[in-house]
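Residue numbers (full-length UniProt numbering): 1 to 1084.
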């Protein structure tokens, strides 16, 4: 049983491309046939199962051929689902995608699954009916001999012969259950779920002996039981506990609907600052599939786990637990988790399990002789050939490995590929000392490394275990270590692994061996060792200046702050020191002079006030003293030609940044939150290789370079520099700058040369109170996607696009702008919006808090506009006709509003819609309901005709008083809860009308409840800090006359006992709700 890990997290070695799948599923379909019905429902169901499905936006396709991005999406998908529908073959895009999919099936082993949606497979195979007609039209257009049409024919024929699913009413005799589209989708998704490789954990390359041990663990888990079960896996280090746990996890993870989490190295990670909190955050984010769930304390994290997971069936693995407080924080009680949950704990300490009342424990035993020999052979000999090894040598190897998989793997990888005389010499070393322990066995592999590989191994063992691969490689590169080949060799020797989260890991027994190697360099004098990482050793060497030329690296990362005295001559004799990392130390002592050979300097939160180097060239690459008390560099950065990265953030004593022209290779300069910083030297503007420049919240910054010629700059951040009045001139085109942050500055205008930022995509000027105008040249920013001017209260007028007769290109508008924020700009008019061609892709427009009275009548031409915000536009009198795709309109507190468009015409065309308007009357097309819930009955013949459901409420507020209100909505279908949401309303000053529309896609999950001749819909509404004065609804159907076929009263055909049962459940729900919250003012 091997406990080593490969460097990849690929699920199996059978497919080299498997680990590179970016998408689980690519869906190929004809949009006009199935996008808003079948495909929308299929996509939602796939996402619900945590299956990453790619859907192309057919409406945004440019040109006649599929884009490189779409081609890449197909190549990066593990499974392709082909939805063949009536008009599929009329789309050249669909056919080109199909050809690419079939190519990937042949070359990349991509799984291809056809769905024949209301078409017959034989029509596709033999090009009959609509498929034959479409191909004939393509031949007329492209020619009979077209190679493109030939490929389409071949691909259609090949795909039609694959196994898939057929959904057609004529197929009822063969598959009677497929008439229900919901069940049909569920069958497809269930099949895909079994095919999709979830992110499996990498473990043993040769899992010898793992299977039988996993079976024993599985018997303890009893997966058929729906109880919540905690089990332990216990054994000494190196026996393969983690390997077994990973294999069990991979085997059963698919049974938990994505609610799984594997937390490795709990012992080590929990010992870091806020370690348990970080583990709680990771657990919650992985199981709940949330990007980030911030936790402020261990107690809060424990409550969140209990609260969020108590109804979920979860699989949780806690690897390498060594203390009860870790279990208390992460899995204190079985009641924290839903039925069927399984929690697996690996540990070296059985008492940890017994004290937590975990009595189902699997004890991992060493490998027997046969297993040990098989594992050794697998790693040592190509093709498992063992005839070259004598019985004596085999016995020597196995007797000293003592059945420990870790030792066997390391020894086997060391022997692999070596000449017979070399591995005989290695085994002879083992025989020379019959008392060798596991450390000595592991050290044999270390001894076989060359100098570069040894240095990398020792750096990882002493400094970098658990750190991100990107960080480790940057540090190693700065120290002139050939890390690419070096780390790869360490991986091949099973000394190091790269985990799925891209952290560099090694078994702690191997780490201990590496640290012992360093300590043995000079057991009694740490100043003569190559690496120092323990507080006592570092403090002794730096305070007593006992360091020598032997010291190459010092890394001290303290969990809690501690005093560290550094004498003025501490580094005098450490001329070969390349790496110095100290964090969370209160440093005392005189001025520190660092050696010129230093490559990497990190002193974070260390209260340093002065740093200097010896005269002459310096080799420093990385300089990070964030949070220190440093005041100045001592003139300029002379001689720092190798310096690439400076981080001086939160250095609150720093007043100015000196001349950096002698650091020509500088790529990153971070000066965030330097509260005393007044001046940045003009040389910063001329650094050719500078990519990142950030001065966030430098509240005293006044003097900034007047010109910018940094051609490589990608990010420029100046937000929060509240005393910076002038933005620099851009002297020439900067092709890499994409993000410009100027919010909260005192700048009065942007330079005309702003158009030299030809690649800028995001420009933030929020709360620039002195900014009065933008230059017309801003319309030349062809790549600008987001422009944020919120809170620029001195703005009044937005610059119009003026054609420039002297410029052959003129002013071109914003062809890629999709987000425009103009909230609180005191705009008096919107003339700049009259020409919609200036904003062809605008999706989000915020005009809240302005002073205009009318909006441009051309607003309906903004075809891509989805979100329109007009809150607190108190002089606005009319909202004109809107674009048909609008989905989100907020116009609260618009007191002067007199005329509105007919929103009913938009609802039939749009998706989900949310509208908030001042007023006290519902639209006339809404069906009013009496006091109580919105309640109505829908006949079965309407189920397939429904487009969506709209409901409306009038919120009553106390006049003249600004309040923050909310409305909780719960939709029940046939007595079962389906949807629950809370809508927040900010700063309302009078009565408002809220209209919400859910299209059929959002109602997809409710369809499984629609099995009766009549179905009962109920919408419960509760308002907080407001009353509900009126309520109503409208069922939106394909034909408007069908909207009114619903019944407000119970149809007589409904069975009495079913009605009584439903009423009883409603009463229970009401009681529960009232007990939950006594602050609700209107409960209906």
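Where a beta carbon is used, it is the ideal one built from N, C-alpha and C, also for glycine.
Counterpart residues of residue i in DSSP-defined beta bridges
i	result
residue 995	915, 952
residue 612	593
residue 110	BP columns for residue 110 are empty, so no partner.
residue 359	The partner list for residue 359 (beta bridge, DSSP) is empty, contrary to what the question assumes.
residue 856	Its beta-bridge partners do not exist; DSSP assigns none.
residue 763	740, 787
residue 267	According to DSSP, residue 267 bridges with nothing at all.
residue 629	Answer is none; residue 629 lacks a bridge partner.
residue 840	Note: residue 840 sits in no beta bridge, so no partner.
residue 165	115
Among the options, nearest to residue i - alpha-carbon criterion
i	options	result
residue 126	161, 148, 145	161
residue 502	468, 618, 551	468
residue 381	869, 412, 47, 482	412
residue 795	868, 351, 766	766
residue 314	322, 337, 294	337
residue 784	824, 768, 841	841
residue 924	904, 762, 933, 606	904
residue 790	827, 812, 756	827
residue 709	754, 698, 944	754
residue 578	233, 243, 599	599
residue 606	596, 26, 623, 561	561
residue 1085	340, 736, 850	As shown, the chain starts at 1 and ends at 1084. That puts residue 1085 outside it, with no answer to give.
residue 733	746, 781, 566, 771	781
residue 936	1045, 843, 995	1045
residue 251	281, 273, 214, 228	214
residue 231	237, 221, 225	221
Buried versus exposed, by CB contacts within 10 Å (16 or more), residue i
i	result
residue 986	exposed
residue 471	exposed
residue 853	exposed
residue 370	exposed
residue 801	buried
residue 999	buried
residue 547	buried
residue 109	exposed
residue 663	buried
residue 223	exposed
residue 140	exposed
residue 982	exposed
residue 1061	Here the model assigns residue 1061 a pLDDT of 46, short of 50, so the residue's position is not dependable, and the following value carries that caveat. When all chains shown are included, residue 1061 counts as exposed.
residue 357	exposed
residue 920	exposed
residue 964	exposed
residue 245	buried
residue 1056	Bear in mind that the predicted position of residue 1056 carries a pLDDT of just 45, short of 50, making it unreliable; the figure below should be weighed with that in mind. With fewer than 16 Cβ atoms within 10 Å of its Cβ, residue 1056 is classed as exposed.
residue 169	Confidence is the limiting factor: at residue 169 the pLDDT is only 46, short of 50, which leaves the residue's position unreliable, though a coordinate-based value still follows. Burial call: exposed.
residue 883	buried
residue 850	buried
residue 30	buried
Chain B contact for residue i (CB, 8 Å cutoff)
i	result
residue 1031	As a matter of chain content, chain B is missing from the structure shown, which is built from one protein chain.
Residue i: CB within 7 Å of a non-hydrogen atom of the ligand MN
i	result
residue 571	This structure simply doesn't include the ligand MN, nor any ligand for that matter.
Runs of beta strand (DSSP E) lying entirely within the region 546–597, each at least 3 residues, in chain order: Entirely contained in the region 546–597, the beta strand (DSSP E) runs reaching 3 residues are, in chain order, 553–565, 579–588, 592–594.
query: Should the region 69–88 be regarded as contacting the region 110–119, the criterion being three or more beta carbon pairs within less than 8 Å?
result: yes
message: Would the region 473–490 count as touching the region 522–530 if we require 3 or more Cβ pairs under 8 Å?
response: no
query: Do three or more CB pairs link the region 272–287 to the region 509–526 at distances below 8 Å?
result: no
- prompt: At a cut of 8 Å, does the region 41–56 reach the region 129–142 through at least three beta carbon pairs?
  reply: no
task: Mind listing, in chain order, the continuous beta strand (DSSP E) runs of no fewer than 3 residues lying wholly within the region 661–723?
output: Secondary structure remark: continuous beta strand (DSSP E) runs of at least 3 residues inside the region 661–723, in chain order: 668–670, 692–694, 715–717.
- request: Please determine if the region 941–948 and the region 1021–1039 are in contact, where contact requires at least 3 C-beta pairs separated by less than 8 Å.
  value: Inter-segment contact for the region 941–948 and the region 1021–1039 is present: three or more beta-carbon pairs are separated by less than 8 Å.
message: Give the list of continuous alpha helix (DSSP H) stretches no shorter than 4 residues that lie fully inside the region 201–247.
response: 210–221
field: Stretch pair the region 535–543 + the region 492–508: three plus CB contacts closer than 8 Å
entry: Short answer: they don't touch.
task: Please go through the region 22–102 and give each complete beta strand (DSSP E) segment of 3 or more residues, from N-terminal end onward.
output: Entirely contained in the region 22–102, the beta strand (DSSP E) runs reaching 3 residues are, in chain order, 23–28, 53–55, 77–84.
message: Is it the case that the region 743–758 contacts the region 715–733, given that we only count it when at least three CB pairs across the two stretches are under 8 Å?
response: Here the region 715–733 makes contact with the region 743–758; the two share three or more CB pairs at distances below 8 Å.
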